[in-house]
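Chemist: Before I ask anything, here is the structure I am working with.
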Amino acid sequence: MNNREIADTFEKIADLLEIKGEVIYKVLAYRRAADSLRELVGDVTEYQERGGFTEIPGVGKAIAEKIEELLSTGKLGFYEKLIREVPETLTDLLQVPDLGPKKVGLFWRELGVVNLKDLEEAAKSGKLRTLAGMGEKSEAKILAGLESLARRTERIPLALAWPAAQEILAKLKPVPAVKIIEVGGSLRRMRATIGDIDLLAAAEDSKEVMRAFVELPDVSRVLSRGETKSSVEFKDGLRAQLWVYPPQRFGTALQYATGSKEHNVRLRELAQKQGLSLSDQAIVKPDGSEILCAEEREVYEILGLPWIPPELREDRGEVQAARKGNLPELLILDDIKGDLQTHSTWSDGKKSILEMAEAARDRGWEYLAVTDHSHSLGVAGGLSEEELRSQHEEIKAVQEKLGRSFRVLHGVEVEIRADGSLDYDDEVLAEMDLVVASLHSGLRQPRQRVTERMLNAIRNPHVDIIAHPTGRLIPDREGADLDMEAIFKAAAEHGVALEINADPYRLDLDDVHARRAVELGVMLAVNSDAHSPEWFDLLHFGVATARRGWVEPQKVINTWTVDRLLDFLKK
DNA sequence: GCCGTTTTCGGCCCGACTGTTTTCAGTCG
Numbered sequence: 064m065n066n067r068e069i070a071d072t073f074e075k076i077a078d079l080l081e082i083k084g085e086v087i088y089k090v091l092a093y094r095r096a097a098d099s100l101r102e103l104v105g106d107v108t109e110y111q112e113r114g115g116f117t118e119i120p121g122v123g124k125a126i127a128e129k130i131e132e133l134l135s136t137g138k139l140g141f142y143e144k145l146i147r148e149v150p151e152t153l154t155d156l157l158q159v160p161d162l163g164p165k166k167v168g169l170f171w172r173e174l175g176v177v178n179l180k181d182l183e184e185a186a187k188s189g190k191l192r193t194l195a196g197m198g199e200k201s202e203a204k205i206l207a208g209l210e211s212l213a214r215r216t217e218r219i220p221l222a223l224a225w226p227a228a229q230e231i232l233a234k235l236k237p238v239p240a241v242k243i244i245e246v247g248g249s250l251r252r253m254r255a256t257i258g259d260i261d262l263l264a265a266a267e268d269s270k271e272v273m274r275a276f277v278e279l280p281d282v283s284r285v286l287s288r289g290e291t292k293s294s295v296e297f298k299d300g301l302r303a304q305l306w307v308y309p310p311q312r313f314g315t316a317l318q319y320a321t322g323s324k325e326h327n328v329r330l331r332e333l334a335q336k337q338g339l340s341l342s343d344q345a346i347v348k349p350d351g352s353e354i355l356c357a358e359e360r361e362v363y364e365i366l367g368l369p370w371i372p373p374e375l376r377e378d379r380g381e382v383q384a385a386r387k388g389n390l391p392e393l394l395i396l397d398d399i400k401g402d403l404q405t406h407s408t409w410s411d412g413k414k415s416i417l418e419m420a421e422a423a424r425d426r427g428w429e430y431l432a433v434t435d436h437s438h439s440l441g442v443a444g445g446l447s448e449e450e451l452r453s454q455h456e457e458i459k460a461v462q463e464k465l466g467r468s469f470r471v472l473h474g475v476e477v478e479i480r481a482d483g484s485l486d487y488d489d490e491v492l493a494e495m496d497l498v499v500a501s502l503h504s505g506l507r508q509p510r511q512r513v514t515e516r517m518l519n520a521i522r523n524p525h526v527d528i529i530a531h532p533t534g535r536l537i538p539d540r541e542g543a544d545l546d547m548e549a550i551f552k553a554a555a556e557h558g559v560a561l562e563i564n565a566d567p568y569r570l571d572l573d574d575v576h577a578r579r580a581v582e583l584g585v586m587l588a589v590n591s592d593a594h595s596p597e598w599f600d601l602l603h604f605g606v607a608t609a610r611r612g613w614v615e616p617q618k619v620i621n622t623w624t625v626d627r628l629l630d631f632l633k634k
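Add 63 to a position in the first sequence, counting from 1, and you land on the number used in my numbering.
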């Protein structure tokens, strides 16, 4: 079992215990352990050697023993006993909006409801409304929730949520009462996928803002409407909620609504230790008086912390680092000096090498690598060795046209074939300025085989960068089952950089992997994989992913000057 | 079930909205 599978087991245990009516703090303990395991950098088995599982935050003696049992037998007696008592399928019911553990427990005990089908029947036959604390409206809400669940596509990729949020912002900014409006939640933290869009506005009077919000075009349903908070669902199923606060309270509100929930818990604990109480409204002193924060920065200052960038707010040690003054100097978009994975009309790109290079130069970059596909990727019009050589002539011509102040590098994105060999001979690769290697096929090979292919590419003396290492596509395709630790170690040893692909449907490496890679001494490259100049605009998604991985600019090879970069490529 | 700048026992983050309630419970973020 891997980290995620163990975490899922504990999450399930937490849900079942909560439905059963176990004391909430036991439930929270399992949930915290699950979160910890999910966020763990590196493999859980490493803790067996160094100090044991109780070194993991939120894991004590009891849970450590359960991890041990899961790792050695793949099963857990405690869990098997629990699901004989509380039907496992009850956790599906928690996915229904407005339905939580208390009511699920109630329906199960009173009506024998154990799955979504039972629930639907009970609601349609009017049985739910007869229960204590239930009524007609609650019953109707559950039916609506069931419909919404059937329609809803899990989490929304950043690729869709980001532009949608920008559109909403553009429509609400002109509302006269709106002083400030910003994105909060997981979108502000730039997570790869978003649950719903959270928006924060500052206004003296919220009524006008709320009205404009619930009356946005394409709103299909108003889910709730209040003076401080409203939420809506759009026709395409996307959901958004808006909080409105007076300007003098905007700082605490934005901090609160940005999350993550776990980050906020850490902050409130810190506040408590100082005798303060932190909420979305204000910081309250022991004598009951309020400190108002118009700026988010002030919230952190009062708690004795530097401002923590939203991308770090995942409770992955950022509060502790802030207390010690050890926050990283994160990569910013302006640090990027060029793109090291781009395509032209020679393969599946939409624009010529000249057009791509001019667009890159006009963005103020110092260099661009043209890295068209190699021949075995037929669908993308991969280049034969002869075509690659004639492409070199065109690169030279473009370079002459642009002059010496901007450098065009002749690279290639060479296919790592199913047998682990590369698509070009070493002599051909040796002629290139830059070799990017990547997997596009055989992603579902068994762990050992696909890992070995990747390691083979890393060991090739001509390979400089591994592009989109896991091959994941958000939200449809999981990455290959790679031994990432082995890959990071090999990449560090052989001086091969790993890419953070900025395409918001990829974001690969992800944040957790990027952080671990840097810890192990691996260099990174943040590339757009552009097939036309507009794709350069996607780079900020890659930068955000790097920031979420605590990545500092000096670890990213395309923040370097062209001379330093060429030196690295040569080695 | 976990954990320690109040503590090895007794705590464990805060508030809005909704619906069913005469004062609160459940859910969500």
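In this text, a Cβ means the ideal position worked out from N, Cα and C, and glycines have one as well. A quick note: this is a predicted structure, and the numbers were derived from the prediction, not measured.
Would you check if the distance between the CB atom of residue 434 and the CB atom of residue 474 is smaller than 8 Å?
Modeler: Their beta carbons are under 8 Å apart, which means residue 434 touches residue 474 by this criterion.
Chemist: Once you ignore the five residues that flank residue 486 on each side, which residues in its own chain have a CB closer than 7 Å to its CB?
Modeler: Excluding positions up to five away in sequence, the list reads 437, 438, 439, 477, 478, 480.
Chemist: Does the segment 338-345 come close enough to the segment 368-379 that 3 or more CB-CB pairs lie under 8 Å?
Modeler: No, the segment 368-379 is not in contact with the segment 338-345.
Chemist: Between residue 632 and residue 497, how many whole angstroms is the CB-CB distance? I'm expecting something under 8 Å.
Modeler: Their Cβ separation, rounded to whole angstroms, is 6 Å, which keeps residue 632 and residue 497 in contact under 8 Å.
Chemist: Got a sec, what are the start and stop residues for the alpha helix (DSSP H) residue 343 sits in?
Modeler: Run containing residue 343: none; DSSP gives neither H nor E here.
Chemist: On the three-state DSSP scale, how would you describe residue 297?
Modeler: Strand.
Chemist: Rank 163, 543, 420 by C-alpha distance to the C-alpha of residue 503 and give the top, closest one.
Modeler: Out of 163, 543, 420, 543 has the C-alpha closest to the C-alpha of residue 503.
Chemist: Where are the beta strand (DSSP E) runs, 3 residues long or more, that stay fully inside the segment 373-431, in chain order?
Modeler: Qualifying beta strand (DSSP E) stretches: none in this window.
Chemist: Just grab the DSSP bridge partners of residue 485 for me.
Modeler: Paired residues: 479.
Chemist: Mapping the DSSP letters down to three states, classify residue 282 as helix, strand or coil.
Modeler: Correct three-state label for residue 282: strand.
Chemist: If we require 4 or more residues per run, which alpha helix (DSSP H) segments fall completely within the segment 439-466?
Modeler: For the segment 439-466, whole alpha helix (DSSP H) runs of length 4 or above, ordered along the chain, are 448-465.
Chemist: Within its chain, find whatever has a CB closer than 8 Å to the CB of residue 137; leave out the 5 residues flanking it on each side and keep chain order.
Modeler: Cβ neighbours of residue 137 beyond the five flanking positions: 64.
Chemist: Please report the distance separating the alpha-carbon of residue 591 from that of residue 606.
Modeler: When rounded, the distance between both Cα atoms is 10 Å.
Chemist: For the structure I just gave you, are there three or more beta carbon pairs, one from the segment 176-183 and one from the segment 152-162, closer than 8 Å?
Modeler: Flag = yes, the segment 176-183 and the segment 152-162 touch.
Chemist: Please state the DSSP three-state secondary structure of residue 613.
Modeler: Residue 613 falls in the coil class under three-state DSSP.
Chemist: Report all residues from its chain with a CB closer than 7 Å to the CB of residue 577; omit the five preceding and five following residues, and keep chain order.
Modeler: So the qualifying residues of the chain are 563, 587, 608, 609, 612, 614.
Chemist: Out of 283, 378, 297, 312, state which residue places its alpha-carbon closest to the alpha-carbon of residue 291.
Modeler: It is 312 whose Cα lies nearest to the Cα of residue 291.
Chemist: Alpha carbon to alpha carbon, how far is residue 32 from residue 541?
Modeler: For the chain, the structure presents residues 64 to 634; residue 32 sits outside this window and is missing.
Chemist: Looking at the strands, I want to know which residues DSSP matches up with residue 287.
Modeler: 294.
Chemist: Look up residue 229 in the DSSP assignment and say whether it is helix, strand or coil.
Modeler: Residue 229: helix per DSSP, three-state reduction.
Chemist: If contact is defined by three or more beta carbon pairs under 8 Å, each pair taking one atom from either stretch, is the segment 129-144 in contact with the segment 67-85?
Modeler: Judged by Cβ distances under 8 Å, the segment 67-85 makes contact with the segment 129-144, as three or more pairs qualify.
Chemist: Distance, Cα to Cα, residue 263 vs residue 224?
Modeler: Going from the Cα of residue 263 to the Cα of residue 224 covers about 16 Å.
Chemist: The beta strand (DSSP E) spanning residue 308 covers which residue range?
Modeler: Start and end: 302-308.
Chemist: Does the beta-carbon of residue 95 have 16 or more other beta-carbons within 10 angstroms, so that it is buried, or is it exposed?
Modeler: Buried.
Chemist: According to the Cβ coordinates, are residue 572 and residue 583 closer than 8 Å?
Modeler: No. Outside cutoff.
Chemist: Is the segment 376-395 close to the segment 346-361, with three or more CB pairs under 8 Å?
Modeler: Result no; under three Cβ-Cβ pairs closer than 8 Å.
Chemist: Take every Cβ of the segment 453-467, pair it with every Cβ of the segment 406-426, and state whether three or more of those distances are shorter than 8 Å.
Modeler: Result yes; three or more Cβ-Cβ pairs closer than 8 Å.
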